[in-house]
Amino acid sequence: MGLTEYYWLEPANAFEPFQDYDVGLIALSFLQGSFAYGGWNFLNYVTEELVDPYVNLPRAIFISIPLVTFVYVFANIAYVTAMSPQELLASNAVAVTFGEKLLGVMSWIMPISVALSTFGGVNGSLFTSSRLFFAGAREGHLPSLLAMIHVKRCTPIPALLFTCLSTLLMLCTSDMYTLINYVGFINYLFYGVTVAGQIVLRIKQPDMHRPIKISLIWPVIYLLFWAFLLIFSLYSEPVVCGIGLAIMLTGVPVYFLGVYWQNKPQCFDAFVDKMTYLGQKLCVVVYPAESKSNSDADEGQEMTEAKAPLSKADGDDLKA
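Just so we're aligned: the sequence shown equals residues 6 to 325 in my numbering.
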């Protein structure tokens, strides 16, 4: 449909908004537009759930990302060629307006298609976000309750509930575009730090075993684009991006309180244990069982008994 609209309608509409531009606004538009492409990196969070990840992870990435990009790009071409900039700005739902303008009695297809497309996004976000919290808690960077799973269904219920709670807190803002700017700025800040960490590790530890290894040229290119995006977005919307940065920095005192500070008062540890015990009873969860080989390999990093008020046997009693 995008190609059809490009050749049949007014392709000049696609370029008219760029006749007067500002670099900061272009960077901000990239930040907002990237929200629609969010999820491209989610597959990396769930490699433990993949069968033969060394083969299937690159295959899934190289198939899914180009396919989704192709569909999104040509959908946007269809929008900007079928509608003028004034119509795009005046529309509360561009896809719906596009359907009403071109599809006639079949315009109902567009809102249904948009609604259906959200199912996959929500499913992927729930799966990967909860898995991320689960892994963080397993490493000791989040409350130990989040590293537990249901005794029957093996579902990380505490991590899912934490994801739901954090999502509801984000919805407190009344302006969706402001929320997108917050989230987009924070996401790309983390992406850039992660990619920079990859480059540092490749330089400092060149002989480390890496089952999946790519050329450093791609992380460098990404960092250049990342720097352009964040610097000019901060220049264009300093207040919004500053608030996003402040939201991210709230994790620093939490880290020092929960992870870095080792010699906590006994009353504090007792309170945490009591809350963990209560959460286990409410969610019917325990720590996942590990194989003997994994237990031997991670013996030095296992969670202490004090952080696990309920044992596996207690979990079996809960099932009964």
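Just so it is clear, CB atoms sit at the ideal spot from N, CA and C, and this is done for glycine as well.
### Query
Is L48 near I31, with beta carbons less than 9 Å apart?
no
#### Entry: Simplified DSSP state of V289, which is helix, strand or coil
coil
### Task
Over the uninterrupted alpha helix (DSSP H) stretch that includes I162, give me the two end residues.
162-175
### Query
Using CA coordinates, which residue listed in V28, C288, Y240, G38 is at the minimum distance from A329?
The requested residue 329 does not occur in the structure, where the chain is confined to residues 6 to 325.
### Task
With a cut-off of 8 Å on the beta carbons, I'd call I185 and F35 a contact; round off their distance for me.
12 Å between Cβ atoms; not a contact.
#### Entry: For E105 and V264, the rounded distance between their alpha carbons
55 Å
### Query
Along the chain, where does the alpha helix (DSSP H) that runs through V257 open and close?
256-260
### Task
Could you pull the start and end residues of the alpha helix (DSSP H) that P71 belongs to?
58-87
### Query
Are the C-beta atoms of V99 and some chain B residue less than 9 Å apart?
Included in the structure is just one protein chain, with no chain B present.
### Task
Quick one: measure Cβ to Cβ for L62 and I217, integer angstroms, because I've assumed they're closer than 8 Å.
7 Å
### Integer Cβ distance of Y50 from T133, believed to fall under 8 Å
5 Å
### Query
What's the gap between the Cα of P243 and the Cα of F190?
11 Å
### Message
Less than 8 Å between C-beta atoms, sequence neighbours within five positions excluded: which residues of the same chain meet that for L206?
### Response
M213
### Query
Under 9 Å, do V384 and V101 count as touching if we go by C-beta distance?
Missing from the structure shown is residue 384; the chain here goes from 6 to 325 and no further.
### Message
Tell me the rounded alpha-carbon separation between S298 and L55.
### Response
Any reading at S298 needs caution, since the residue's pLDDT is 44, under 50, leaving its predicted position unreliable; the model's value is listed next. Cα to Cα, S298 sits roughly 19 Å from L55.
### Query
What's the C-alpha gap between Y227 and F195?
13 Å
#### Entry: Cut-off 7 Å between Cβ atoms - residues of its own chain near W45, not counting five sequence neighbours on either side
I70
### Query
Would you report the Cα separation of L174 and A251, rounded to the nearest angstrom?
15 Å
### Message
Quick check: Q37 and Y187, are their CB atoms within less than 9 Å of each other?
### Response
no
### Task
Return helix, strand or coil for I217, following the three-state DSSP convention.
coil
#### Entry: V127 versus F230: straight-line alpha-carbon distance, rounded
28 Å
### Query
Which whole-angstrom value is the C-beta distance of P224 and Q203, which I expect to be below 8 Å?
6 Å
### Under 9 Å between C-beta atoms of V290 and G284
yes
### Message
Using the Cβ count rule (16 or more neighbours within 10 Å means buried), how would you classify G249?
### Response
buried
### Separation of S179 from L257, as counted between CA atoms
Residue 257 is actually Val in this sequence, not Leu. Answer to the nearest angstrom: the Cα atoms are 27 Å apart.
### Minimum length 4: unbroken alpha helix (DSSP H) runs contained in the segment 195-244
222-241
### Query
Is the distance from the Cβ of P148 to the Cβ of A140 below 9 Å?
no
### Query
Can you tell me whether A95 is buried or exposed, with buried defined as 16 or more other CB within 10 angstroms of its CB?
exposed
### Task
Measure from the alpha carbon of P161 to the alpha carbon of each residue in Y59, M153, F273, then state which is nearest.
M153
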